[in-house]
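Numbering (this note's numbering), first residue to last: 33 to 396.
Even glycine gets a Cβ: it sits at the ideal position worked out from N, Cα and C.
Contents: one structure, followed by commentary.
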Amino acid sequence: MNKDKYWLAFASIEEIGSAFIKKLYENFGCIKSAWCAGPDNLYKIEELTKKQIDYFLKARERISPEKCQEYIQSKGIQYINYDDENYPGLLKQIFNPPMTLFYKGDFKRCNLDRTLAVVGSRKASQNAQNTLSKIISEFQGTDICIVSGLATGIDTCAHKSAIKNNLSTIGVIGSGFDYIYPKANKSLFKEIEENAGVVISEYWPQEQPMPWRFPHRNRIVSGLCAGTLVAEAAIKSGALITARLCLEQNRELMCLPGLISNPNTEGIYKLLKEGAALVTCAQDILDTLDWTITTTPAVENEKLKNLSPSEYKIIDLIRKEDCTADRISADLNMDFSELMVVLTTLELNGYIKQIDGDKYSAII
33 MNKDKYWLAF ASIEEIGSAF IKKLYENFGC IKSAWCAGPD NLYKIEELTK KQIDYFLKAR
93 ERISPEKCQE YIQSKGIQYI NYDDENYPGL LKQIFNPPMT LFYKGDFKRC NLDRTLAVVG
153 SRKASQNAQN TLSKIISEFQ GTDICIVSGL ATGIDTCAHK SAIKNNLSTI GVIGSGFDYI
213 YPKANKSLFK EIEENAGVVI SEYWPQEQPM PWRFPHRNRI VSGLCAGTLV AEAAIKSGAL
273 ITARLCLEQN RELMCLPGLI SNPNTEGIYK LLKEGAALVT CAQDILDTLD WTITTTPAVE
333 NEKLKNLSPS EYKIIDLIRK EDCTADRISA DLNMDFSELM VVLTTLELNG YIKQIDGDKY
393 SAII
């Protein structure tokens, strides 16, 4: 039996929601039987309202399951349904899992047993982005998968840092695949799809990125993961919604500390006071999630062995703390003119970058 077409037919009716579909599926034990059920059998399901059932019956009259499947296939969109054996196990455990996940990319790139959600402010400070990038870089050589929402700010930083360090990443979008939002992340979307992981959505391709869809999709971001790391969050923010969902899903909640003068850290310190784990390095995440992993730092070692002694000293210094050229010159007792030549070379070769105008930060 081609059951997929019935899952897709249900997915095309956004107004009924995944909880409604799940209840029908559990009641009838078969998605085809759920789709084809008569009114009398539907009205006997106590947990469903007459209004919900009436809406479904009316929508069903105009929908062809076969055409739904043909439409999705014509779009080049892949999908995975709730009853598929490869449906993400952690996501299946949450209260209201999506019944159908649409996706682009390759799930085989991602270790779904080593998933970390990263969420935070869309107007993230440079300090938060630098700290997050550094922590994610410490996972280089592992099979950890970074999950986020492909929004601006912390989400973008998380995805890009994962790609930069050869980690897989999953982007969960708040619209159908006919829309890439924000448009600024179009190239990031394609990079994840083609090389780095998977972009997923529970929405029919034509569904627009409406404001309410983003908090709703956050349950998938946290639900896919063993734990969620919050990097900057105001008191009223989508990141705090995800943090609450993480706790409701009985997953581990972690936070990056930040400047107390930054309004976007108010939510962070609220969560820390309520018991979230404090994270200042990658090992803190591993300890919180009780993950034992074996790293393979061969790529990094290969790059470092090509450095001159002076280059290595500079990298070693600014790995510990972002530094100005004056500070590096003083700490390493290097001639300033000579230092600037070395710094320029390191920057051109992708070992370091300039931040905050006059500081240098290590990339490797």
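Task: Spatially closest choice to F127 from E306, S180, Q281, E93, by CA coordinates - done: Selected option, being the one with the closest Cα: Q281.
Open item on the list: Can you tell me where the alpha helix (DSSP H) holding N59 begins and where it ends?
Closed with: That run of the alpha helix (DSSP H) goes 49-60.
Task: Residues bridged to L148 [DSSP beta-bridge criterion] - done: In DSSP, L148 forms a bridge with I178, G259.
Task: Under the three-state DSSP convention, the category F134 falls into - done: Note: F134 maps to strand in three-state DSSP.
Open item on the list: For V373, count the other beta carbons within 10 Å of its own beta carbon; 16 or more makes it buried, fewer makes it exposed. Which is it?
Closed with: The C-beta of V373 has fewer than 16 other C-beta atoms within 10 Å across all chains shown, which makes the residue exposed.
Task: Residues of its chain near P329, where Cβ-Cβ distance is below 6 angstroms and the 5 sequence neighbours each way are ignored - done: Because P329 carries a pLDDT of 47, less than 50, the predicted location of this residue cannot be relied on, and no value is offered for it.
- [ ] Under 8 angstroms by Cβ, that's how I've got S157 and E264 pegged, so tell me the actual separation to the nearest angstrom.
- [x] The beta-carbon distance between S157 and E264, rounded to whole angstroms, is 7 angstroms. This is short enough to meet the 8 angstroms contact definition.
Open item on the list: Between which residues of its own chain and K54 is the CB-CB distance below 8 angstroms, once the five residues before and five after are set aside?
Closed with: Within the same chain, Cβ atoms closer than 8 angstroms to the Cβ of K54 are found at Y114, N128, P129, M131, the five residues on either side in sequence being excluded.
- [ ] Evaluate the contact criterion for the region 35-53 versus the region 84-93: three or more CB pairs, one atom per stretch, below 8 angstroms.
- [x] Judged by Cβ distances under 8 angstroms, the region 35-53 makes contact with the region 84-93, as three or more pairs qualify.
Task: Counterpart residues of Y392 in DSSP-defined beta bridges - done: Looking at the DSSP assignment, Y392 forms a beta bridge with C355, Q386.
Task: Coil, strand or helix - I104 by DSSP - done: In the structure shown, I104 falls within a helical segment according to DSSP collapsed to helix, strand and coil.
- [ ] Consider the Cβ of G382: report whether some Cβ of chain C lies at a distance smaller than 8 angstroms.
- [x] Absent from the structure: chain C. Only one protein chain is present.
TODO: Report buried or exposed for S4, applying the criterion of at least 16 other Cβ atoms within 10 angstroms of its Cβ.
DONE: The structure shown does not extend to residue 4, since the chain is modelled only from 33 through 396, so no value can be given for it.
Open item on the list: Under DSSP, the beta strand (DSSP E) around N159 begins and ends at which residues?
Closed with: The continuous stretches of beta strand (DSSP E) do not include N159, which lies in the alpha helix (DSSP H) extending over residues 158-169.
Open item on the list: Buried or exposed for V331, going by 16 or more other Cβ atoms inside 10 Å?
Closed with: Confidence is the limiting factor: at V331 the pLDDT is only 47, short of 50, which leaves the residue's position unreliable and the question unanswerable from this model.
Open item on the list: Can you tell me whether Q110 is helix, strand or coil according to DSSP?
Closed with: DSSP places Q110 within a strand segment (E or B) once states are collapsed to three.
TODO: Taking 8 angstroms as the threshold, find out whether the region 146-156 comes into contact with the region 271-280 through three or more Cβ pairs.
DONE: Three or more beta-carbon pairs separated by less than 8 angstroms link the region 146-156 to the region 271-280, which places the two stretches in contact.
Open item on the list: Since C278 and L122 should fall inside the 8 angstroms C-beta cutoff, what is the C-beta to C-beta distance between them, to a whole number of angstroms?
Closed with: C278 to L122, Cβ: 12 angstroms. No contact.
Task: Spatial distance of L378 from I384 (CA atoms) - done: If I take the Cα positions, the gap works out to 6 angstroms.
- [ ] Under 7 angstroms Cβ to Cβ from E239, same chain only, skipping five residues before and after it: list those, please.
- [x] Cβ neighbours of E239 beyond the five flanking positions: E46, S207, G208.
Task: Contact set for D363: own chain, Cβ-Cβ below 7 angstroms, skip 5 residues either direction - done: Counting only Cβ-Cβ distances below 7 angstroms, and skipping sequence neighbours, we find L349.
TODO: Just confirm the distance between the C-beta atoms of L310 and D316, as a whole number of angstroms; I'd bet it's less than 8 angstroms.
DONE: The beta-carbon distance between L310 and D316, rounded to whole angstroms, is 7 angstroms. This is short enough to meet the 8 angstroms contact definition.
Task: Minimum length 3: unbroken beta strand (DSSP E) runs contained in the region 197-262 - done: Runs of the beta strand (DSSP E) lying entirely within the region 197-262, each at least 3 residues long, are 200-204, 229-233 in chain order.
Open item on the list: With DSSP as the reference, identify every bridge partner of E284, one or two as the case may be.
Closed with: Answer is G259, bridged to E284.
TODO: With distances taken Cα to Cα, identify the nearest neighbour of Y38 among E98, E79, P241.
DONE: The option with the nearest alpha carbon to Y38 is E98.
Task: Cα-Cα separation between K136 and I109, rounded to whole angstroms - done: Inter-residue distance for K136 and I109 is about 6 angstroms (C-alpha atoms, whole angstroms).
Open item on the list: Alpha carbons only, please: which of A314, Y392, H248 is nearest the one belonging to S361?
Closed with: The option with the nearest alpha carbon to S361 is Y392.
Open item on the list: If I follow the unbroken alpha helix (DSSP H) through R92, where does it start and stop?
Closed with: From DSSP, the alpha helix (DSSP H) with R92 extends over 82-92.
Task: Three-way DSSP call (helix, strand, coil) for L74 in this model - done: L74 falls in the helix class under three-state DSSP.
- [ ] Identify every residue that forms a DSSP beta bridge with A309.
- [x] Looking at the DSSP assignment, A309 forms a beta bridge with M286.
- [ ] Along the alpha helix (DSSP H) that carries G173, what are the first and last residues, could you check?
- [x] Unbroken run through G173: none, as it is neither H nor E.
Open item on the list: Once DSSP output is grouped into helix, strand and coil, what is the label at G350?
Closed with: In the sequence as presented, Gly is not what sits at residue 350; that position holds Ile. Helix, per DSSP.
Task: Simplified DSSP state of Q125, which is helix, strand or coil - done: Residue state, collapsed to three classes: coil.
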